[in-house]
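Asks: Submitted below is the structure of interest, expressed as structure tokens.
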Amino acid sequence: MSNTESETQTETEASDSLITTDVETGSNGRSAPSNRTAVAARDLNVFYGDEQAIDDVTMEIPENRVTALIGPSGCGKSTFLRTINRMNDMIEVCRVEGDVEFGGKNVYDDDVDPVALRRKIGMVFQKPNPFPKSIRDNVAYGLKIQGFDGDVDERVEESLKGAALWDEVKDQLDSSGLDLSGGQQQRLCIARAIAPDPEVILMDEPTSALDPVAASKIEDLIDDLAEEYTVIIVTHNMQQAARISDRTAVFLTGGRLVEYDDTTKIFEDPEEQRVEDYITGKFG
Amino acid sequence: MTDSTESPDLQRRSGLTRLKEGTYGGFFAACAAITLLTTVAIIVTLLSDAVAFFSQVPITEFLTSTSWSPNPRGGGQTFGIVALVIGTLTVTITAAFVAIPVGTLTAIYLSEYATPNARSILKPLLEILAGIPTVVYGYFALVYITPALKATLFPEMSTFNALSASLMVGIMTIPMVSSISEDAMSAVPDDLRQAGYGLGATKFEVSTGIVVPASISGIASSYILAVSRAIGETMIVVVAMGAQARMPTVGETVLGIPFINPADVLLDSGMTITVAMVQIAGGDLTGGTLPYDAMFALGLTLFVVTLVMNVLSDIIAERYREEY
Chain R
-13 MSNTESETQT ETEASDSLIT TDVETGSNGR SAPSNRTAVA ARDLNVFYGD
37 EQAIDDVTME IPENRVTALI GPSGCGKSTF LRTINRMNDM IEVCRVEGDV
87 EFGGKNVYDD DVDPVALRRK IGMVFQKPNP FPKSIRDNVA YGLKIQGFDG
137 DVDERVEESL KGAALWDEVK DQLDSSGLDL SGGQQQRLCI ARAIAPDPEV
187 ILMDEPTSAL DPVAASKIED LIDDLAEEYT VIIVTHNMQQ AARISDRTAV
237 FLTGGRLVEY DDTTKIFEDP EEQRVEDYIT GKFG
Chain U
277 MTDSTESPDL QRRSGLTRLK EGTYGGFFAA CAAITLLTTV AIIVTLLSDA
327 VAFFSQVPIT EFLTSTSWSP NPRGGGQTFG IVALVIGTLT VTITAAFVAI
377 PVGTLTAIYL SEYATPNARS ILKPLLEILA GIPTVVYGYF ALVYITPALK
427 ATLFPEMSTF NALSASLMVG IMTIPMVSSI SEDAMSAVPD DLRQAGYGLG
477 ATKFEVSTGI VVPASISGIA SSYILAVSRA IGETMIVVVA MGAQARMPTV
527 GETVLGIPFI NPADVLLDSG MTITVAMVQI AGGDLTGGTL PYDAMFALGL
577 TLFVVTLVMN VLSDIIAERY REEY
């Protein structure tokens, strides 16, 4: 079964059940939303040339929780994610106005080094992208460039355990990361992202290139990661957002943040009609 | 499928069409065969004349004698390749010291650092550098580089010298290294760079730690090609290095290797294998004479060396191929 099919199917299920039944939304056993804010956007506007990708977004993302960003294609959710660790800096025509606060500091201040920022905010991409290096070197890469002076092997093991990959690869740490299956590669990328011990992990549709079984392993993992990290995840899959996140932000066309609340609230009783239409599959 | 009653046209094509198809294929194959036949013909000629040479001059003398004097006039003929090998090695190694670092760094700049604008200007410029006839490089070395070096660093340098020629060969092969390496680096998927930046790598760390290792097989191939080119280079050397098969003074052995002062080799004239061949070919020689056959022995030596280099390059490319 191809991914597209599986996603469509999941979304159809979502439209049947989400509003009426109490699916496992939110909290996942974690206590009430944290009071502490990990990342906050204030009056954030992002432009690609003349086109506005993010339209005046203000939101606070809680620490040690999973926050999902959902919305139709082109709604700016990925742009928003990449604004947080300044990955958009590399796009020449991209312009950012407003603040993104991380640890109380606006990351767009002149004295912020994007390289230092990205060492605190890990990122996992849509397509698994391990380096053409050994599994060990993949995980150790972040440590190496950050001049980590502790026990690298120990940290590699911890990280692979943290990414639920250790048992599968512990006997082949020196073989190429590219020899792994797609799902394992993505978990390797997660291990690589958590190895330098960041505070926040950004995930840009991390399961969209994976088969349903591999995707479900990643989802379980995300749940565990929120114990230690703040996870911000962009997803196309609303069922996934409902399953794994504590808070959900719904972006609609034009880069506007339409509704942002506890996941349970968004999926069971959204304030906005447009949000309800979107999550019940009336458009999107 | 529609429910049309007419069956689709699945008729075999006419004999003429099939004949035409066959002719095209044959024509293309014939073109490919020209290359193959030329190669085979060259190898056969090289081998047969070289065999004739080695039946008169023992191969051990050819490989170990330090004196090269193929001209039958003016004393005894000697056919020792050592001085020529030293000349060729000097040019090749010195050129590699220029072309490899400059070419690689240029490639990194072009692939990773240059703005699209800068790249669109620099790449064609490098291609122009690759298109200059080598004889022009030779005169440039003789008329500008040598006087400049003489006036500044090495006043004792002779007019024809190995250093200028080697530097020029190095400069000539820069585009080869930079262009092939740049292609290899540009082919590295952007995903990998993103992953690096996402982990807080700097541009330098991404370029050297991710992009270069991922494209190392292409880069290594470019080195081997450039070195092969330097080994075979003739015109620059003929013009700028002089054509004296001069054996440098061999000093004490250091770690089992006879020590030759690099300054002695570089600042004075010398001769490479290719130049020795040109010199013989340029004289009035008829087939069947010993110097004529010696030319093929030299050619065979060069051929074997470059063949080994090419095989080596394939092995390296295979060995370090990092799939992404």
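These protein sequences, in sequence, are chains R and U. Residues in the first sequence are numbered consecutively from -13, following our numbering. Residues in the second sequence are numbered consecutively from 277, following our numbering. Just so you know, even glycine gets a beta-carbon here, dropped at the ideal spot from N, CA and C.
1) Compare the C-alpha of Tyr127 of chain R against each of U:Pro423, U:Val513, U:Ser589 and U:Arg469 and name the closest.
2) What are the uninterrupted segments assigned as alpha helix (DSSP H) that are 4 or more residues long and contained completely in the stretch 389 to 470 of chain U, given in chain order?
3) Between which two residues does the alpha helix (DSSP H) carrying Tyr300 of chain U extend?
4) Since I believe Ser387 of chain U is in contact with Met461 of chain U (beta carbons under 8 Å), could you give me their beta-carbon distance rounded to a whole number of angstroms?
5) From the DSSP output, in three-state form, read off Arg22 of chain R for me.
6) Just checking: is the beta-carbon of Ile384 of chain U within a distance shorter than 8 Å of some beta-carbon in chain R?
7) Does the beta-carbon distance from Leu443 of chain U to Ile408 of chain U come in below 8 Å?
8) Using only the alpha-carbon positions, how far apart do Phe303 of chain U and Thr525 of chain U sit?
9) Could you check the C-alpha separation between Ile265 of chain R and Gly148 of chain R for me, to the nearest Å?
10) Counting contacts by CB-CB distance shorter than 8 Å, is Pro118 of chain R in contact with chain U?
11) Output, in sequence order along the chain, the residues in the stretch 83 to 110 of chain R whose CB is closer than 9 Å to any CB in chain U.
12) Considering only residues of the same chain and omitting the five flanking positions on each side of Ala570 of chain U, which have a CB-CB separation below 7 Å?
13) How close, in whole Å, do the beta carbons of Asn74 of chain R and Thr65 of chain R come, if the pair is a contact with beta carbons under 8 Å?
14) Per DSSP, which residues does Asn92 of chain R bridge with? Please list them.
15) DSSP beta-bridge partners for Ser345 of chain U?
16) Given a cut-off of 8 Å, decide if Ala438 of chain U and Gly527 of chain U are closer than it, judged by their beta-carbon atoms.
17) Ile486 of chain U touches chain R at which residues, Cβ-Cβ below 7 Å?
18) Would you list, in chain order, the members of the stretch 453 to 478 of chain U that have their beta-carbon closer than 8 Å to a beta-carbon of chain R?
19) Can you list, in chain order, the residues of the stretch 127 to 140 of chain R whose Cβ is nearer than 9 Å to any Cβ on chain U?
20) Report yes if the CB atom of Gln171 of chain R is closer than 8 Å to the CB atom of Pro116 of chain R, and no otherwise.
21) In whole angstroms, what separates the C-alpha of Glu185 of chain R from that of Val110 of chain R?
22) Kindly indicate which residue of R:Lys251, R:Arg104, R:Leu238 and R:Val244 has the alpha-carbon position closest to the one of Ser231 of chain R.
23) Is any beta-carbon of chain U found at less than 8 Å from that of Asn(-11) of chain R?
24) Looking at Thr364 of chain U: is its Cβ nearer than 8 Å to the Cβ of Thr529 of chain U?
25) Look up Val79 of chain R in the DSSP assignment and say whether it is helix, strand or coil.
26) When the Cβ atoms of the stretch 203 to 214 of chain R are set against those of the stretch 226 to 241 of chain R, are three or more pairs found closer than 8 Å?
27) I'd like the ranges of any alpha helix (DSSP H) spanning at least 4 consecutive residues and lying wholly in the stretch 112 to 142 of chain R.
28) Apply the 10 Å Cβ neighbour rule to Asp123 of chain R and answer buried if 16 or more other Cβ atoms are within range, or exposed otherwise.
Replies: Reading it off the structure:
1) One-based indexing of the first sequence puts residue 127 of chain R at position 141. Nearest C-alpha to Tyr127 of chain R: U:Arg469.
2) The stretch 389 to 470 of chain U contains these whole alpha helix (DSSP H) runs: 392 to 407, 410 to 416, 422 to 428 and 438 to 462.
3) Start at 1 with the first residue of the second sequence, and residue 300 of chain U comes out as number 24. Run containing Tyr300 of chain U: Gly291 to Gln332, per the alpha helix (DSSP H) assignment.
4) Locating residue 461 of chain U in the second sequence gives position 185, where the first residue counts as 1. Locating residue 387 of chain U in the second sequence gives position 111, where the first residue counts as 1. By a beta-carbon distance limit of 8 Å, Met461 of chain U contacts Ser387 of chain U. Their separation comes to about 4 Å.
5) Taking the first sequence and counting its residues from 1, the one referred to as residue 22 of chain R is at position 36. In the structure shown, Arg22 of chain R sits in coil (DSSP, three-state: anything other than H, G, I, E or B).
6) Position 108 of the second sequence, counted from the start, is the residue given in the question as residue 384 of chain U. Not an interface residue.
7) Along the second sequence, read from residue 1 onward, the residue named residue 443 of chain U stands at position 167. Along the second sequence, read from residue 1 onward, the residue named residue 408 of chain U stands at position 132. Result no, Cβ atoms of Leu443 of chain U and Ile408 of chain U do not sit closer than 8 Å.
8) Residue mapping note: residue 303 of chain U aligns to position 27 of the second sequence, counting from 1. Residue mapping note: residue 525 of chain U aligns to position 249 of the second sequence, counting from 1. For Phe303 of chain U and Thr525 of chain U, the distance between alpha carbons rounds to 57 Å.
9) On the first sequence, residue 265 of chain R is found 279 positions in, with the first residue counted as 1. On the first sequence, residue 148 of chain R is found 162 positions in, with the first residue counted as 1. Just so you know, the alpha carbons of Ile265 of chain R and Gly148 of chain R end up roughly 32 Å apart.
10) As a working mapping, residue 118 of chain R is identified with position 132 in the first sequence. With 8 Å as the cut-off, Pro118 of chain R counts as an interface residue toward chain U.
11) Result list: Pro100, Val101, Ala102, Leu103, Arg104, Arg105, Lys106, Ile107, Gly108, Met109 and Val110.
12) The residue labelled residue 570 of chain U in the question sits at position 294 within the second sequence. Setting aside the 5 residues that flank it on each side, Ala570 of chain U is surrounded in the same chain by Phe329, Pro346, Phe355 and Ile556, each with a C-beta closer than 7 Å to its C-beta; the list follows chain order.
13) Start at 1 with the first residue of the first sequence, and residue 74 of chain R comes out as number 88. Start at 1 with the first residue of the first sequence, and residue 65 of chain R comes out as number 79. Right, the Cβ-Cβ distance comes to about 7 Å (below 8 Å), so this counts as a contact.
14) Working through the first sequence from its first residue, we reach residue 92 of chain R at position 106. In the DSSP assignment, Asn92 of chain R forms a beta bridge with R:Glu87.
15) What you label residue 345 of chain U is simply residue 69 of the second sequence in a count that begins at 1. Partner residues in the beta bridge of Ser345 of chain U, as assigned by DSSP, are U:Thr354.
16) Translated into the one-based positions of the second sequence, residue 527 of chain U becomes position 251. Translated into the one-based positions of the second sequence, residue 438 of chain U becomes position 162. Result no, Cβ atoms of Gly527 of chain U and Ala438 of chain U do not sit closer than 8 Å.
17) Here residue 486 of chain U is taken as the residue at index 210 of the second sequence, counted from 1. Correct list: Phe117.
18) Of all residues in the stretch 453 to 478 of chain U, Pro465, Asp467, Leu468, Gln470, Ala471, Gly472, Tyr473, Gly474, Leu475, Gly476, Ala477 and Thr478 have a Cβ within less than 8 Å of some Cβ in chain R.
19) Those residues of the stretch 127 to 140 of chain R that come within reach of chain U (Cβ to Cβ, closer than 9 Å) are Tyr127, Gly128, Lys130, Ile131 and Gln132.
20) On the first sequence, residue 171 of chain R is found 185 positions in, with the first residue counted as 1. On the first sequence, residue 116 of chain R is found 130 positions in, with the first residue counted as 1. Pro116 of chain R sits close to Gln171 of chain R, with the two beta carbons spaced by under 8 Å.
21) Walking along the first sequence from the start, residue 185 of chain R turns up at place 199. Walking along the first sequence from the start, residue 110 of chain R turns up at place 124. The straight-line gap separating the alpha-carbon atoms of Glu185 of chain R and Val110 of chain R is approximately 14 Å.
22) As a working mapping, residue 231 of chain R is identified with position 245 in the first sequence. The residue with the shortest Cα to Cα distance from Ser231 of chain R is R:Lys251.
23) If you number the first sequence from 1, residue -11 of chain R lands on position 3. For Asn(-11) of chain R, the predicted model reports a pLDDT of 43, less than 50, meaning its position is unreliable and no value from the coordinates is stated.
24) Locating residue 364 of chain U in the second sequence gives position 88, where the first residue counts as 1. Locating residue 529 of chain U in the second sequence gives position 253, where the first residue counts as 1. For the pair Thr364 of chain U and Thr529 of chain U, the CB atoms are not nearer than the 8 Å cut-off.
25) Position 93 of the first sequence, counting from 1, holds the residue named residue 79 of chain R. Note: Val79 of chain R maps to coil in three-state DSSP.
26) Touching, yes, given that three or more Cβ pairs across the two stretches are closer than 8 Å.
27) Qualifying alpha helix (DSSP H) stretches, in chain order: 121 to 131.
28) Mapped onto the first sequence, residue 123 of chain R falls at position 137. Counting Cβ neighbours within 10 Å, Asp123 of chain R comes out buried, since at least 16 surround it.
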